[in-house]
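*Asks:* Before we start, here is the structure in question, set down as structure tokens.
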Amino acid sequence: ACQLGFYKSAPGDQLCAKCPLHSHSESRAARVCHCDSSFYRAVQDPPSAACTRPPSAPVNLISSVNGTSVTLEWGPPLDKGGRADVVYNVLCRRCAGAAGPCEACGSGIRFVPQQMSLVRGALTVTNLLAHTNYSFWVEAVNGVSDLSLEARRAAVANITTNQAAPSQVVVVHQESTGQNSVTLLWQEPDQPNGIILEYEIKYYEKDKEMQSYSTLKSKSTTATISGLKPATRYIFQVRARTSAGCGRFSQTVEVETGKPVSLRYDTMTIVWICLTLITGLVTLLVVLICKKRHCGYSKAFQDSDEEKMHYQNGQVKFPESKFYVDPHTYEDPCQAVHEFTREIEASRIKIEKVIGSGESGEVCYGRLKLPGKREIPVAIKALKAGYTEKQRRDFLSEASIMAQFDHPNVIHLEGVVTRSKLVMIVTEYMENGSLDTFLRKHDGQFTIIQLVGMLRGIGAGMRYLSDLGYVHRDLAARNILVNSNLVCKVSDFGLSRILEDDPDAAYTTTGGKIPIRWTAPEAIAFRKFSSASDVWS
């Protein structure tokens, strides 16, 4: 028979085995060793397995709040209880104050990747309420945690969420419809997250969103949209705006305007209308003939003036002027982005690989498929997670600048993505990358004609920007992109500013490094930039 401290699981000639770690035999001839106090053996563990206990709490719990989301990170427990099957559960409680009562967070909270049975020590929690206190309990569990009667040990993080944009407008109703107008009525968002400054109504003809759409602002929860086409189906969406930014647009509402009223005239009325029109046309023709004869006598005096104007189809046309609008002058950055850029649904973009990385974001190669158009390759500049509101504003301001340019030697903006967590700027894809890297890689392989053609393209793009009253400030080979046809295009408008309508105007920097190799002497000496300094670069 086996002595105390030993056991034999089945009768036979085999030797007695010593009890596993943290277990003991309670009598001689024992067939199993029982676990010591506070130690347990899981159901699937064999009798020969050592007894184990629940793990201690995770260590080094860190929380990072970004608006209404929080990222939690922690390290493994110092004591895993003798087991390797440790996983983590995260419990969420919403508290009335710093020391007030707490309750379960509810089903609206989203845990990424999951809330229970986490293998890694990291988690992101989203859809939290703004300006609210939360308490997160991170507990470590293993295969014997459910067998213990003791309370589970957990690490606790108490956080307070920041200000956030309002939630989505849920209910939008059609109140009335006319031949050229529609009146809408809606309810406030369930979570305004602050004082609602205004509502923005987006509308467009059905199936024509990608061609053009219009917006209207309203201070109340109702608005009348006028100037619509009769008997036409329109799509409407509404979103709210607070000082923290714009919320998501509501679900679409489809409304058809009224049919035009047909006018009926009797035969005599039609006859009188025709006679009146004929008389008017004859009179106009006589006046034009007389004027033409009179103008012939004074033609000699007009030749010098005509040189300053262009005539086409009998009309005088003056040169059109277009000026760049600085998005930094807008009180609301959302308005500038919405006015100049096109919003692209994130589902339309497929990111394939990362082709570059910077301090605040990454540049990726991907594909863009818009409705009714073929799929095209694009470059996607994405803002890194954990960005500040200022970084997001500056990032989208560059898109607002780029969207105002339309020239074959200036990089083309396809659109922006602002409604998803990942904020992106989508531009045309330039296969050969930056000019400096491209020239070094193919040194000595181009003819003089090819190099002059590339230089001419850069000059044409900069001439276009200069005519708009726009100063680049950072023109360098690294900021010129080259496509597969060796067409060079000006890019990188993060440092640019408008040049006022003044021949002596210049922009003064507020700090930062100046690229000496490309910068004009007056810009280095006095930190002043102008179209002349762009010419030097």
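Here the sequence shown is numbered in the numbering used here, starting from 28 and rising by one per residue.
Glycine included, C-beta positions come from ideal geometry on N, C-alpha and C.
Buried or exposed: H200, going by 16 or more other Cβ atoms within 10 Å of its Cβ?
*Replies:* exposed
*Asks:* Applying the criterion that 16 or more other CB atoms from any shown protein chain within 10 Å of the CB defines a buried residue, is C391 buried or exposed?
*Replies:* C391 sits buried, since 16 or more C-beta atoms from the chains shown fall within 10 Å of its C-beta.
*Asks:* Let's test the definition: count the other Cβ atoms within 10 Å of the Cβ of H365 and tell me whether it reaches 16, buried, or not, exposed.
*Replies:* buried
*Asks:* Where does E334 fall in DSSP's three states?
*Replies:* The predicted position of E334 is uncertain, since its pLDDT is 40 and thus under 50; no value can be drawn from it.
*Asks:* State the DSSP-derived secondary structure class of M457, mapped to helix, strand or coil.
*Replies:* coil
*Asks:* How long is the line joining the alpha carbons of C132 and V152, rounded to whole angstroms?
*Replies:* 11 Å
*Asks:* Take the Cβ of T546 as the centre, count every other Cβ of all protein chains shown within 10 Å, and call the residue buried at 16 or more, exposed below.
*Replies:* buried
*Asks:* In chain order, what residues of the same chain lie with their CB nearer than 7 Å to the CB of M481, ignoring the 5 residues before and after it?
*Replies:* L513 and C515
*Asks:* Can you give the Cα-Cα distance for A487 and N220, rounded to whole angstroms?
*Replies:* 48 Å
*Asks:* Relative to the C-alpha of Y231, which residue among Y115, R505 and F263 is closest?
*Replies:* Considering only Y115, R505 and F263, the residue with the shortest C-alpha distance to Y231 is F263.
*Asks:* Would you call the segment 361-378 and the segment 445-464 in contact, with 3 or more CB pairs under 8 Å?
*Replies:* yes
*Asks:* Taking all protein chains shown into account, do 16 or more other C-beta atoms lie within 10 angstroms of the C-beta of L301, making it buried, or fewer, making it exposed?
*Replies:* Residue identity differs from the one stated: residue 301 is Cys in this sequence, not Leu. The residue is exposed, with fewer than 16 neighbouring Cβ atoms inside 10 Å.
*Asks:* By DSSP, does Q362 sit in helix, in strand, or in coil?
*Replies:* helix
*Asks:* If we call anything under 8 Å between Cβ atoms a contact, is N459 one with V405?
*Replies:* no
*Asks:* Mapping DSSP to helix, strand and coil, what is G488?
*Replies:* helix
*Asks:* Determine, using beta carbons only, whether R80 and G108 come nearer to each other than 8 Å.
*Replies:* yes
*Asks:* Express the C-alpha separation of R420 and M143 in angstroms, rounding to a whole number.
*Replies:* Cα to Cα, M143 sits roughly 36 Å from R420.
*Asks:* Three or more C-beta pairs under 8 Å: does that hold for the segment 175-185 against the segment 222-242?
*Replies:* By the C-beta criterion, the segment 175-185 is judged not to be in contact with the segment 222-242, since fewer than 3 inter-stretch pairs fall below 8 Å.
*Asks:* I'd like the span of the alpha helix (DSSP H) that includes Q418, first residue to last.
*Replies:* E416 to M429
*Asks:* Around the C-beta of L304, are 16 or more other C-beta atoms found within 10 angstroms, so that it is buried, or is it exposed?
*Replies:* exposed
*Asks:* Anyone know if the C-beta pair for L88 and Y115 falls short of 8 Å?
*Replies:* no
*Asks:* Where does H469 land, buried or exposed, given buried means 16+ other C-beta within 10 angstroms?
*Replies:* exposed
*Asks:* Would A15 and P104 qualify as a contact pair, given that the criterion is a beta-carbon distance under 8 Å?
*Replies:* The structure shown does not extend to residue 15, since the chain is modelled only from 28 to 564, so the question has no answer here.
*Asks:* By the DSSP assignment, the alpha helix (DSSP H) with E372 in it spans what residues?
*Replies:* Run containing E372: none; DSSP gives neither H nor E here.
*Asks:* Here's the rule I'm using: 16 or more other beta-carbon atoms within 10 Å means buried, otherwise exposed. How should G377 be labelled?
*Replies:* A small fix is needed here, since residue 377 is Lys in this sequence, not Gly. Its Cβ having fewer than 16 others within 10 Å, K377 is exposed.
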